[in-house]
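To start, the structure itself, in structure tokens.
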């Protein structure tokens with residue numbers, strides 16, 4: 001019982017700081033999203049294809065969350081955008097205070113888009129508001145078509161679903177119509193993109209959608 | 218600070234019950250393992266191939282952990298082995314008390330092998346001893362070759378690594394030698410199997426290894 005109370009306090013404190021982060025994004029006309037998925041679904045690859053597509057025309061900063069390493073920030077570094085790595089040292093999700101600290105290292109006036117790549121985990125990050133405009137969940141075809149049912153809190157809290165690795169559909173046991181159906185059953189409002197970071201399929205649609213979300217200056 | 222203290226108490230209580238579970242397994246000559254991985258790495262498929270291979274010759278029971286559904290227990294039901302589903306209702310890992318409750322529904326005298334399929338999560342289950350003989354981590358080739366470095370607590374706490382979906386190697390950006398190297402760098406004692414649940418590659422080696430772990434009666 002005491003654990004539950006303390007968890008609630010932790011979440012209340014988190015939500016308070018998330019509100020501060022949201023206010024910072026609003027003041028600076030920044031579209032911020034929180035990219036979540038299982039380990040290995042392709043979050044960083046989608047980020048790489050997105051930065052390639054924007055090629056400096058959209059001013060982006062990236063916050064990378066990882067349990068132990070800065071491997072993802074190293075991958076992002078070559079795109080010449082500000083990138084801050086948060087290493088959670090075993091922690092299973094990012095929280096709003098970690099993001100608030102990271103924001104102190106980014107010149108918010110100079111960016112239009114903030115991409116937060118969360119720790120690879122389909123469970124715990126679902127409950128943590130970071131102050132983002134929305135959560136975007138990535139599900140790869142190699143994970144099968146039942147994941148929205150099994151991890152439904154994440155799919156319910158997300159506004160967008162990216163179905164990634166569609167180039168592998170011929171080789172895996174995943175029916176994309178079933179996956180879409182399961183996702184929409186959990187969350188009928190989901191906007192769905194289908195992408196491949198190998199063939200670049202769907203990347204243009206996805207990036208054009210992002211551009212439309214950026215607030216005017 | 219108080220959160221850390223309480224987490225320690227939770228873990229101490231968990232470890233106490235894990236000890237009781239372990240004693241139950243010892244008394245009944247049961248080999249019990251805890252199968253962990255990201256969502257969609259193929260834990261349930263490996264379980265299905267394993268039960269097919271044993272085909273009743275090894276007496277198995279299964280405990281399925283899932284955040285929301287009993288889909289996995291339904292998949293296992295057709296193999297005619299005792300299966301208990303634990304639905305964590307949002308919880309991100311199984312713990313020893315949950316397993317202790319589940320064990321009350323299994324006739325321990327009648328089984329030689331207990332397979333516990335954990336919630337799909339490469340972070341949180343790493344810290345929870347369920348009383349199992351060992352943790353077995355599944356990494357699929359589609360997740361890339363860097364996961365042992367990024368989720369190193371899980372790979373350090375596991376005794377066995379199953380590299381699954383090796384049939385997809387020609388299509389994915391994963392160097393299996395790098396994956397092995399990264400895993401062994403984190404944990405030099407790891408026993409490694411390479412499997413495909415589509416082609417059945419490696420299933421015989423894996424199942425023969427299991428049989429050798431079962432204590433004599």
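Protein chains in written order, with the working numbering: chain A, 1 to 217; chain B, 218 to 434.
We put the beta carbon where it would ideally sit given N, CA and C, even for glycine.
Think of a sphere of 9 Å around the beta carbon of residue 370 of chain B: the chain A residues whose beta carbon falls inside it are 67, 68 and 90, in chain order. In its chain, beyond the 5 residues on either side, 192 have a beta carbon closer than 7 Å to the beta carbon of residue 180 of chain A. Near chain A, meaning a CB-to-CB distance below 7 Å, the residues of the stretch 249-277 of chain B are 255, 256 and 257. In this structure, the CA atom of residue 299 of chain B is about 20 Å from the CA atom of residue 430 of chain B. A distance of 8 Å or more separates the beta carbons of residue 349 of chain B and residue 323 of chain B.
Taking the C-beta atoms as reference points, residue 268 of chain B is found no nearer than 8 Å to residue 260 of chain B. DSSP, read as helix, strand or coil, puts residue 70 of chain A in coil. Where residue 59 of chain A is concerned, there is no enclosing beta strand (DSSP E), because DSSP gives it neither an H nor an E.
Residue 28 of chain A places its beta carbon less than 8 Å from that of residue 108 of chain A. Where residue 200 of chain A is concerned, there is no enclosing beta strand (DSSP E), because DSSP gives it neither an H nor an E.
Neighbours of residue 124 of chain A in chain B, taken as residues at a C-beta separation under 9 Å, are given in chain order as 309, 338, 340 and 341. If you ignore the 5 residues before and after residue 53 of chain A, its C-beta comes within less than 8 Å of the C-beta of 203, 204 and 207, all in its own chain and listed in chain order. In this structure, the CA atom of residue 137 of chain A is about 31 Å from the CA atom of residue 228 of chain B. Within the stretch 123-155 of chain A, the alpha helix (DSSP H) runs of at least 4 residues that lie entirely inside it are, in chain order, 147-150.
The stretch 137-153 of chain A and the stretch 168-185 of chain A touch, with no fewer than 3 CB-CB distances between them shorter than 8 Å. As computed with DSSP, residue 282 of chain B is found in a beta bridge with B:303. Burial of residue 194 of chain A is indicated by the presence of at least 16 other C-beta atoms within 10 angstroms of its C-beta.
If you ignore the 5 residues before and after residue 102 of chain A, its C-beta comes within less than 8 Å of the C-beta of 63, 84 and 86, all in its own chain and listed in chain order. By alpha-carbon distance to residue 187 of chain A, the top candidate from A:177, A:156, A:210 and A:209 is A:156. The beta-carbon of residue 363 of chain B is placed less than 8 Å from the nearest beta-carbon of chain A. In the structure shown, the three-state DSSP call for residue 32 of chain A is strand. In this structure, the beta-carbon distance from residue 311 of chain B to residue 336 of chain B falls below 8 Å.
In terms of beta-carbon proximity, residue 196 of chain A stays away from the interface with chain B, with every pair separated by 8 Å or more. Between the C-alpha atoms of residue 26 of chain A and residue 292 of chain B there is a straight-line separation of about 47 Å. Against residue 385 of chain B, the close residues of chain A are 142, 168, 171 and 172, in the order they occur along the chain (beta-carbon pairs closer than 9 Å). Taking 7 Å as the upper bound on Cβ-Cβ separation, chain B lies near no residue of the stretch 177-194 of chain A.
Just measuring C-alpha positions, the residue of A:173, A:168, A:18 and A:71 sitting nearest residue 201 of chain A is A:168.
At a cut-off of 8 Å between beta-carbon atoms, residue 71 of chain A makes contact with chain B. Closest by C-alpha distance to residue 60 of chain A, out of A:176, A:112, A:127 and A:141, is A:112. Against chain A, the CB of residue 367 of chain B has a partner CB under 8 Å away; the residue lies at that interface. 8 Å or more divides the Cβ of residue 344 of chain B from the Cβ of residue 237 of chain B. For residue 317 of chain B, there is no enclosing beta strand (DSSP E); the residue is found in the alpha helix (DSSP H) stretching over 313-320. If you draw a straight line from the Cα of residue 92 of chain A to the Cα of residue 289 of chain B, it comes to about 24 Å. Residue 294 of chain B sits exposed, since fewer than 16 C-beta atoms from the chains shown fall within 10 Å of its C-beta. Excluding residues up to 5 positions away in sequence, 59 lie with their Cβ nearer than 7 Å to the Cβ of residue 110 of chain A in the same chain.
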